[in-house]
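Enquirer: Numbering-wise (this note's numbering), the sequence shown opens with residue 8 and increments by one.
Have a look at the structure that comes next, please.
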Amino acid sequence: MSDENWNELFGENLDDLPIAQTQVTKPPQEGKETRLRKGVLDDESDVSTGGQPRGDAEGSPSGEISGSSSSSSSEESEGEDGEMGHSLEKKPRESKLLQPALDRLKKRRKKKEMDSGEKFERMESLVNSMYDVSAADRESLTTGQPALAKLQMLEKIRGILVKQAWQEPFIEAGGLSAIADWLALV
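Structural data, given as structure tokens:
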């Protein structure tokens, strides 16, 4: 998806959106096993992305924060089992950026529901076009040419009739007799 399409959909510049980046904050040292995890080395003395040592969780009695800190766009907190995990708290900036985009997407997904009269009129025009295509195929066969008009329209008809909402209006508009007319040439 290009930046222009993204801007049309979400109204945001890609550079403004918070994106988690994965990187190692310190070079590996001898004797220490490194593990890449959201830019944090797997070591108790290193500083996590929240600016606190891994041993100190938010709300700990000591409440001390290490002097060195690293910046990252994702918050992490220590869980009950001692593993690092994502915080369930929403960031105000992320929610401010994402909420308008989500609202626009919700509005797009809503489809206008047609009443039965509109559906019947559409199916009537479809059935009439089916009869026209059948007549064109008959004419093609009499001139010795291949009858391909129905084949071109067949996928469109199948796509419509697969949907439950269009089956009854198709039958009411005379679709079954149009199908019988199509099959009579075969």
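Glycine included, C-beta positions come from ideal geometry on N, C-alpha and C.
So does the stretch 140 to 148 actually touch the stretch 163 to 181, counting three or more Cβ pairs closer than 8 Å?
Expert: no
Enquirer: Which word fits A180, buried or exposed, when buried means at least 16 other C-beta atoms lie within 10 angstroms of its C-beta?
Expert: With 16 or more other Cβ atoms within 10 Å, it is buried.
Enquirer: Using CA atoms only, rank isn't needed, just tell me which of T150, K157, R129 is closest to D139.
Expert: The residue with the shortest Cα to Cα distance from D139 is K157.
Enquirer: In three-state DSSP terms, what is V140?
Expert: helix
Enquirer: Are there 16 or more other CB atoms within 10 angstroms of the CB of A187, so buried, or fewer, so exposed?
Expert: exposed
Enquirer: Exposed or buried, what is A109 when buried is set at 16 or more other beta-carbons lying within 10 Å of its beta-carbon?
Expert: Before going on, a small fix: residue 109 reads as Leu here, not Ala. The residue in question, L109, is exposed, as its Cβ has fewer than 16 Cβ neighbours within 10 Å.
Enquirer: Which word fits G151, buried or exposed, when buried means at least 16 other C-beta atoms lie within 10 angstroms of its C-beta?
Expert: Its Cβ having fewer than 16 others within 10 Å, G151 is exposed.
Enquirer: Can you tell me which of L105, K103, Q106, A185 puts its alpha carbon nearest to the alpha carbon of M130?
Expert: Closest in alpha carbon position to M130, among L105, K103, Q106, A185, is A185.
Enquirer: Look at P176 and S123 and say whether their C-beta atoms are less than 8 Å apart.
Expert: yes
Enquirer: Specify the secondary structure class of G124 as computed by DSSP and reduced to three states.
Expert: Correct three-state label for G124: helix.
Enquirer: Alpha carbons only, please: which of I178, P153, T149, S141 is nearest the one belonging to M160?
Expert: S141
Enquirer: Do you know how far the Cα of R111 is from the Cα of S102?
Expert: Cα-Cα distance, rounded: 14 Å.
Enquirer: Taking its Cβ as the centre, do 16 or more other Cβ atoms sit within 10 Å of L183, making it buried, or is it exposed?
Expert: exposed
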